[in-house]
Amino acid sequence: MRIAIVTETFEPQINGVVTILQQLLAYAHQRSHELLIVGPHSSTPQHPHASVAQLRGLRFPLYDGLSITPPQSALFKHLQAFQPDVIHTFGTLLLGHASARAGQRLGVPVISSYHSHFAAYTSHYRLGALQALTWWWLRRAHNATQLTLCPSTTTRRELTAQHFRNVEVWPGGVDIERFSPAHRDLAWRRAHGIADDTPLVLTVSRLAAEKNLHLLAQALKQVHSPYQAVIVGDGPARTQLAAQFDPQTIFTGYLRGHDLARAYASADLFVFPSASETFGQVTLEALAAGVPAIATATGGALDLIQHGQNGLLVAPNDASALATALQQLLSSSPAERRAMAQAAHRTAQSFSWSNVMSQLFNTYAQVISAAQPQLAALAL
């Protein structure tokens, strides 16, 4: 199978879409599929599991360090040269409709994935007046494809309400060997000055306005039990957030590989206050590491967290509700936290990357097979 992936974010960037793409490439390579990544100019120029074609990009003035990739003729040229069996657009804002048109010209089926909640992001960057236009643009792009995949049942309901057609759920996955309770490391905690008996409250996130981390800063100030907050990640809001959190809060910056796995497993509680997540990859990684999670009752968290069993769900954009949930878990007994940790780890097992990617490649095969009679008819 020859698969072309069109994306506006790729390595060396670190985010949920890149994590999914890394797993997709590894899965495809193991099964001898051929892949092309058509991505932004900032993409790594070479990859061991795929060919990479870079497109011209422009700096995005509202988000430091981010560039945008506008539609351009090189997109079609790269796809035409590769001759894919299927095109899959991943979380695209600007390239989605151009990719769908390219697929039509090439006679190739196109699948789109809805990963980033761009319409919701407009309010975080003082662009609320553009929300309706953003929905229109995204609907136009996704409805030009044969199928839209989204990562949660909540997102599917929202997209259907916005008149997206042919929407199916394809959840995110997790590396259940990398993210495991087995990587809990007291030496890692001690190296950061965290006592063995001090509950570690962890957040892993891009440090940006849409992640609502200011709510966590407000909530932690209302907590009376002892704790140590650790924030893993980086982004344009880091300086602003550092001023809002207690000075004892530890900001590690980005962590990767085993360092990230140790951070998750060495925590006692994970918190993710974002209200704009379609899935919440970091929440699933925390659960896999055996860490109970507190998240807002929106998006993918509703598919991942069973309230009171493996974590807690709280009302979105409510610092007081978040503080109450934090206090509840920090005040719980060791036995209660242990039971939640075990339930969290069990939840993640059904989201192994092997299961998730098998579902995706079955979808590819079905879409390609369904397209054959249509292409044959066009050839007559």
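In the working numbering, the protein residues as written are 4 to 383. In this text, a Cβ means the ideal position worked out from N, Cα and C, and glycines have one as well.
Item: Pick from Ser-116, Pro-73 and Val-317 that is closest to Ala-222, judged by C-alpha positions; Value: Val-317
Item: Contact under 8 Å by Cβ, Ala-211 with Val-294; Value: no
Item: Sub-8 Å separation of Asp-396 and Arg-193 beta-carbons; Value: The chain is shown from 4 up to 383; residue 396 falls before or after that span and cannot be answered.
Item: Reduced DSSP secondary structure (H/G/I, E/B, other) of Gly-236; Value: strand
Item: Whole-Å CB distance - Leu-152 paired with Trp-138, under 8 Å assumed; Value: With 8 Å as the limit, Leu-152 and Trp-138 do not qualify as a contact, their Cβ atoms being about 18 Å apart.
Item: Stretch pair the stretch 158 to 177 + the stretch 351 to 360: three plus CB contacts closer than 8 Å; Value: yes
Item: Nearest-angstrom Cα separation, counted from Lys-224 out to Ala-198; Value: 20 Å
Item: Three CB pairs or more closer than 8 Å across the stretch 80 to 94 and the stretch 321 to 332; Value: no
Item: Option nearest Thr-301 by Cα separation, candidates Pro-73, Asp-262 and Glu-280; Value: Glu-280
Item: Val-20 in three-state terms, based on DSSP; Value: helix
Item: Proximity winner among Asp-88, Val-55, Phe-13 and Val-204, relative to Ala-373 (alpha-carbon distances); Value: Asp-88
Item: Residues bridged to Gly-42 [DSSP beta-bridge criterion]; Value: Gln-57
Item: Where Thr-148 falls: helix, strand or coil (DSSP); Value: coil
Item: Buried versus exposed, by CB contacts within 10 Å (16 or more), Asn-215; Value: buried
Item: Val-111 to Phe-273 span [Cα, whole Å]; Value: 43 Å
Item: Arg-259, DSSP secondary structure in three states; Value: coil
Item: Test: Pro-295 CB closer than 8 Å to a CB of chain B; Value: This model lacks chain B altogether, as it is built from one protein chain only.
Item: For Phe-93, the residue or residues it bridges with in DSSP; Value: Thr-10 and Ser-116
Item: For Ile-71 and Leu-61, the rounded distance between their alpha carbons; Value: 5 Å
Item: Three-state class that DSSP yields for Thr-47 in the structure shown; Value: coil
Item: Contact under 8 Å by Cβ, Ala-232 with Thr-252; Value: yes
Item: Contact belief for His-50 with Ile-6 at Cβ below 8 Å, rounded distance in angstroms; Value: That belief does not hold up - the Cβ atoms of His-50 and Ile-6 are roughly 14 Å apart, past 8 Å.
Item: Sequence-distant residues of the same chain with beta carbon closer than 6 Å to Ala-103, five excluded per side; Value: Val-113, Ala-147 and Thr-148
Item: Buried versus exposed, by CB contacts within 10 Å (16 or more), Gln-26; Value: buried
Item: Exposure of Leu-381, with buried meaning 16 or more beta-carbon neighbours within 10 Å; Value: Below a pLDDT of 50, predicted positions are generally treated as unreliable, and Leu-381, at 45, falls in that range; no measurement from the model is reported.
Item: Pick from His-195, Ser-116, Phe-182 and Leu-133 that is closest to Thr-158, judged by C-alpha positions; Value: Ser-116
Item: Spatial distance of Tyr-367 from Leu-150 (CA atoms); Value: 10 Å
Item: Per-residue burial, Asn-313 [other beta carbons within 10 Å of its own, 16 or more giving buried]; Value: buried
Item: Run of the beta strand (DSSP E) containing Val-294, from where it starts to where it stops; Value: From DSSP, Val-294 is part of no beta strand (DSSP E); its letter is neither H nor E.
Item: Residue closest to Ala-2, alpha-carbon to alpha-carbon, out of Ala-53, Thr-92, Ala-338 and Ser-155; Value: Since the first residue of the chain shown is 4 and the last is 383, residue 2 is not available in this structure.
Item: Buried versus exposed, by CB contacts within 10 Å (16 or more), Ala-326; Value: buried
Item: Boundaries of the beta strand (DSSP E) in which Phe-275 is found, first to last residue; Value: 272 to 275
Item: Beta-carbon contacts of His-145 that lie in its chain and below 7 Å, excluding the five residues immediately before and after; Value: Gly-99, Ser-115, Tyr-117, Thr-151 and Phe-167
Item: Length at least 3, wholly inside the stretch 205 to 249: the beta strand (DSSP E) runs in chain order; Value: 231 to 235
Item: Span of the beta strand (DSSP E) around Leu-315; Value: 314 to 317
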